[in-house]
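Read top to bottom, the protein sequences are chains C and P.
Quick note: the first sequence, position 218, residue 218 per the working numbering, numbers continuous.
Quick note: the second sequence, position 60, residue 60 per the working numbering, numbers continuous.
All C-beta atoms, glycine included, are put in the ideal place defined by N, C-alpha and C.
Inspection log for the structure reproduced underneath, given as structure tokens.
2 protein chains.
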Amino acid sequence: MTSDQKTPVCVLGAGLIGGSLLRAAVGAGYDAWGYNRSEAGVRAARADGFDVTDDLPAALGRAAETDALVVIAVPMPAVASVLAAVATFAPDCALTDVVSVKAPVAAEVRKNGLSARYAGGHPMAGTNESGWAATDSELFRGAVWAVGVDEGTHHDPWIQVVRLALDCGSVVVPVVADEHDTAVARISHLPHVLAEALALAGAGGGDLALGLAAGSFRNGTRVASTAPDLVRAICEPNAGALLEALDETLTVLTAARDALRADGSLVDLVEAGHDARRSYETAERWEITDIRPGDHDWLTRLRDAGRRGGVITRDLS
Amino acid sequence: MTSDQKTPVCVLGAGLIGGSLLRAAVGAGYDAWGYNRSEAGVRAARADGFDVTDDLPAALGRAAETDALVVIAVPMPAVASVLAAVATFAPDCALTDVVSVKAPVAAEVRKNGLSARYAGGHPMAGTNESGWAATDSELFRGAVWAVGVDEGTHHDPWIQVVRLALDCGSVVVPVVADEHDTAVARISHLPHVLAEALALAGAGGGDLALGLAAGSFRNGTRVASTAPDLVRAICEPNAGALLEALDETLTVLTAARDALRADGSLVDLVEAGHDARRSYETAERWEITDIRPGDHDWLTRLRDAGRRGGVITRDLS
Chain C
1 MTSDQKTPVC
11 VLGAGLIGGS
21 LLRAAVGAGY
31 DAWGYNRSEA
41 GVRAARADGF
51 DVTDDLPAAL
61 GRAAETDALV
71 VIAVPMPAVA
81 SVLAAVATFA
91 PDCALTDVVS
101 VKAPVAAEVR
111 KNGLSARYAG
121 GHPMAGTNES
131 GWAATDSELF
141 RGAVWAVGVD
151 EGTHHDPWIQ
161 VVRLALDCGS
171 VVVPVVADEH
181 DTAVARISHL
191 PHVLAEALAL
201 AGAGGGDLAL
211 GLAAGSFRNG
221 TRVASTAPDL
231 VRAICEPNAG
241 ALLEALDETL
251 TVLTAARDAL
261 RADGSLVDLV
271 EAGHDARRSY
281 ETAERWEITD
291 IRPGDHDWLT
301 RLRDAGRRGG
311 VITRDLS
Chain P
1 MTSDQKTPVC
11 VLGAGLIGGS
21 LLRAAVGAGY
31 DAWGYNRSEA
41 GVRAARADGF
51 DVTDDLPAAL
61 GRAAETDALV
71 VIAVPMPAVA
81 SVLAAVATFA
91 PDCALTDVVS
101 VKAPVAAEVR
111 KNGLSARYAG
121 GHPMAGTNES
131 GWAATDSELF
141 RGAVWAVGVD
151 EGTHHDPWIQ
161 VVRLALDCGS
171 VVVPVVADEH
181 DTAVARISHL
191 PHVLAEALAL
201 AGAGGGDLAL
211 GLAAGSFRNG
221 TRVASTAPDL
231 VRAICEPNAG
241 ALLEALDETL
251 TVLTAARDAL
261 RADGSLVDLV
271 EAGHDARRSY
281 ETAERWEITD
291 IRPGDHDWLT
301 RLRDAGRRGG
311 VITRDLS
């Protein structure tokens, strides 16, 4: 793919993910600009030489003129109002998002009549920091970027989203919205909940406990330093799947507590947990190569490949 | 302190902690040797140029001859048999340990009539690996090393243990056994339990969930890759304090689950957890300088200082 084939990119939201995407896209040769609600964020991005405005209609008007790919990069609570603006000012642009849940975003996209041009996305990358100051053009390098293959997805926006993800250095996992949300409840939202609870348990031990804390506590509580509003914006829209994962974990922890009390043993938990971590460490990705977007059954086949650990590392179109 | 004032050191157990201590002590100019049960460990240590034997009476005989400081560096389940050997072959040597719990070790030391020469220790350092291959002379640099200030501790062995900890690059937190065990249940043993449960929740999501997992899951489950027997040897001897911390955490997580189900909100958990992590990040250590080991009330004063975040960074004797 040569540089002049690259779709322009309009990123709505210049926080950690959106701002990093703007940096990465510009770095990869895209014509890319952004919108940010807060003036402070706009100033910070401009000071670094990026084309960011607080004028949402203007940013979207430019997208409509240039047939850009529009990327929603605001937290879930702000998605509805931003999508309403997209429907007004750039209804024909290809559309994606980088929000932490997929089914609630897809529902809002439908409400706004934008589904035909939409393919959802979620780069599995981040830090416990937020805002433009934390942005990094390399944030997505080597990361996994989930891209939606829900029923009705059109191959044209889908190809644009996948190209952008690959150009940012990520590999793409094709996944439908519901399965994405169930999975991230377990590997992203539950870790937040457990980190908060662990931080509380440590602080409950006072200065002595916090003074003795080392690697296991530091690592286990790292994401509890994320801004509370952001954690809530990530976890709460996925309440259903998170409740299921949390219930399961409460059952596991209660059984461990009972066994420790009754027999002084943690054998069942520790051996199963170790096996589980091993299966994470040894999980192997394989490359999806033989599915052409738009061909017969392409969505079903990609969906199935994603479930079995398949990833896209090169443009399939 | 000049090199010739350094007490010889005999380390019993050449795993991650004991082996790293042997490396650090030799690096700091101590005459140090070790014992290891497994021949493979002995061979590996010798291949790296360290003086390690599988002959426990010989290692202890040399300690008795040279009036060495003996360091118990085996997992809790092996402590009783090693202490019996110390009582037989080196009963007059100063004695410490680097085991993850303190009250159960102190009880075994008492049983063997060795309390007068004992000051317990626990360097708060480690990785998820184990065995000689994982040893590192820099493991203790910048770490906190808990040293016992229990009633009846004699200042002579205590000073030797503190000097060794400082010479390995650690700072010393004075703490009594019970309070140590209560604290580490919260900041070391509970993190293990939660990491195992999180690993299980992730693996329960299959290839798709593990394939999407990124930093929060990787960090939150890191210590679940520790060898299961080692995790059990660390956590199970502290069952009482761990049960208390785990019960408290089950209460916190159950309340969060109920609030998420009822109101869709995690506000209470997330704000309290964030504050707790902040108090960990901003906890300040202050240097204990004015307490001389052996002086009137020195143990009580050190105990109190440790509870309030005081650390020892220089030889107080």
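### Message
What are the residues in the stretch 231-258 of chain C lying within 8 Å of chain P by C-beta distance?
### Response
Against chain P - using a Cβ distance shorter than 8 Å - the residues of the stretch 231-258 of chain C are VAL231, ARG232, CYS235, GLU236, ALA239, LEU242, LEU243, ALA245, LEU246, ASP247, GLU248, THR249, LEU250, VAL252, LEU253, THR254, ALA256 and ARG257.
### Task
Can you say whether GLN160 (chain C) is buried or exposed, counting buried as having 16 or more other CB atoms within 10 angstroms of its CB?
The residue is buried, with at least 16 neighbouring Cβ atoms inside 10 Å.
#### Entry: Own chain partners of HIS155 (chain P) with C-beta closer than 8 Å, once the 5 adjacent residues on each side are dropped
PRO293, GLY294, TRP298 and SER317.
### Task
Going by CA-CA distance only, name the one from P:MET124, P:ALA68 and P:ARG308 that's closest to LEU16 (chain P).
The option with the nearest alpha carbon to LEU16 (chain P) is P:MET124.
### Query
How big is the Cα-Cα spacing for ALA107 (chain C) and ALA87 (chain C)?
Their Cα atoms are separated by approximately 14 Å.
### Task
Thinking TYR30 (chain C) and VAL52 (chain C) are a contact (beta carbons under 8 Å), I'd like their distance in whole angstroms, please.
Here TYR30 (chain C) is actually not in contact with VAL52 (chain C); their C-beta atoms are around 15 Å apart, not less than 8 Å.
### Query
Is any beta-carbon of chain P found at less than 9 Å from that of ASN112 (chain C)?
For ASN112 (chain C), no CB of chain P lies under 9 Å from its own CB, so it is not counted at the interface with that chain.
### Query
Is the CB-CB distance between VAL193 (chain P) and ASN219 (chain C) below 9 Å?
It is not a contact, given that the beta carbons lie outside the stated cut-off.
### Query
Which residues does DSSP pair with ASP97 (chain C) in a beta bridge?
According to DSSP, which records beta bridges pairwise, ASP97 (chain C) is partnered with C:ILE72.
### Message
Taking the straight line between their C-alpha atoms, what separation do you get for ARG278 (chain C) and SER225 (chain P)?
### Response
Computed Cα separation, rounded: 7 Å.
### Query
Which term fits THR289 (chain C), buried or exposed, when burial requires 16 or more other beta carbons within 10 angstroms of its beta carbon?
By the 10 Å Cβ count, THR289 (chain C) comes out exposed.
#### Entry: DSSP state of TYR30 (chain C) mapped onto helix, strand, coil
Coil, per DSSP.
### Query
Applying the criterion that 16 or more other CB atoms from any shown protein chain within 10 Å of the CB defines a buried residue, is SER81 (chain P) buried or exposed?
Classification of SER81 (chain P): exposed, given that the 10 Å Cβ count is below 16.
### Message
I'd like to check one pair, THR135 (chain C) with ARG43 (chain C): are the Cβ atoms closer than 9 Å?
### Response
Against a cut-off of 9 Å, the Cβ pair of THR135 (chain C) and ARG43 (chain C) comes out as no contact.
### Query
Going by DSSP, what residues sit across from ALA146 (chain P) in a beta bridge?
Residue pairing from DSSP places ALA146 (chain P) in a beta bridge opposite P:HIS122 and P:VAL173.
### Task
Could you name the residues of the same chain whose beta carbon sits closer than 7 Å to that of ASN128 (chain P), not counting the 5 residues immediately before and after it, in chain order?
Closer than 7 Å at the Cβ level, and outside the excluded window around ASN128 (chain P), lie ARG222, VAL223, SER225 and THR226.
#### Entry: Delimiting residues of the alpha helix (DSSP H) encompassing ASP79 (chain P)
Note that residue 79 (chain P) corresponds to Val in the displayed sequence, not to Asp. First-last of the alpha helix (DSSP H) with VAL79 (chain P): 79-89.
### Query
Name the residues in the stretch 31-53 of chain C whose C-beta lies less than 9 Å from a C-beta of chain P; which are they?
In summary, no residue of the stretch 31-53 of chain C has a CB separated from any CB of chain P by less than 9 Å.
### Query
Does the Cβ of ARG218 (chain C) lie closer than 8 Å to at least one heavy atom of the ligand PLP?
Because no ligand of any kind appears in the structure shown, any question about the ligand PLP cannot be addressed here.
### Query
Just to confirm, are LEU260 (chain P) and LEU242 (chain C) a CB contact at a threshold of 9 Å?
In this structure, LEU242 (chain C) lies closer than 9 Å to LEU260 (chain P) by Cβ.
### Task
Give the DSSP-derived three-state secondary structure of GLY205 (chain P) in the structure shown.
Under the three-state reduction of DSSP, GLY205 (chain P) is assigned to coil, being neither helix nor strand.
### Query
If the cut is a Cβ gap below 9 Å, which residues of chain C does PHE217 (chain P) touch?
Neighbours of PHE217 (chain P) on chain C, chain order: ARG186, ILE187, SER188, LEU190, PRO191 and TYR280.
### Query
Closer than 8 Å, Cβ to any Cβ of chain C: which residues of the stretch 60-75 of chain P, in chain order?
Within the stretch 60-75 of chain P, no residue qualifies.
### Message
Report the CB separation of ARG257 (chain P) from VAL176 (chain P) in whole angstroms; it is logged as a contact under 8 Å.
### Response
At roughly 36 Å, the Cβ-Cβ gap does not stay under 8 Å, so ARG257 (chain P) and VAL176 (chain P) are not in contact.
### Task
Express the C-alpha separation of ALA68 (chain C) and THR300 (chain C) in angstroms, rounding to a whole number.
Rounded to whole angstroms, the separation of the alpha carbons of ALA68 (chain C) and THR300 (chain C) is 27 Å.
### Message
For a contact defined as C-beta to C-beta under 7 Å, what are the partners of GLY306 (chain P) on chain C?
### Response
In chain order: LEU208.
### Query
What's the gap between the Cα of GLY41 (chain P) and the Cα of SER170 (chain C)?
Straight-line spacing of the CA atoms in GLY41 (chain P) and SER170 (chain C) works out to 42 Å.
### Query
Just reading off the alpha helix (DSSP H) that CYS235 (chain C) is part of, what are its end residues?
Here the alpha helix (DSSP H) through CYS235 (chain C) covers 228-235.
#### Entry: VAL252 (chain P): first and last residue of the uninterrupted alpha helix (DSSP H) it sits in
Its alpha helix (DSSP H) spans residues 239-263.
### Query
Do the stretch 189-209 of chain P and the stretch 260-271 of chain C touch if we need at least three Cβ pairs shorter than 8 Å?
Under the three-pair Cβ rule at 8 Å, the stretch 189-209 of chain P counts as touching the stretch 260-271 of chain C.
### Query
What does DSSP give as the partner residues of THR135 (chain P) in its beta bridges?
Paired residues: none, contrary to the question.
### Query
What does GLU151 (chain C) reach in chain P if we use C-beta pairs closer than 9 Å?
Contact of GLU151 (chain C) with chain P by beta-carbon distance below 9 Å is absent, the smallest such distance being about 18 Å.
### Task
Decide if GLY113 (chain C) is buried, meaning its Cβ has at least 16 other Cβ atoms within 10 Å, or exposed.
Label assigned to GLY113 (chain C): exposed.
### Query
Between GLY131 (chain C) and the rest of its own chain, which residues show a CB-CB distance below 7 Å, the 5 nearest in sequence each way excluded?
GLY15, LEU16 and GLY41.
### Message
For a cutoff of 9 Å on Cβ pairs, would you count LEU299 (chain P) as touching chain C?
### Response
Residue contact with chain C for LEU299 (chain P): absent (no Cβ-Cβ distance below 9 Å to any residue of chain C).
### Query
Does any CB atom of chain P fall closer than 9 Å to the CB of LEU198 (chain C)?
True, the Cβ-Cβ gap to chain P drops below 9 Å.
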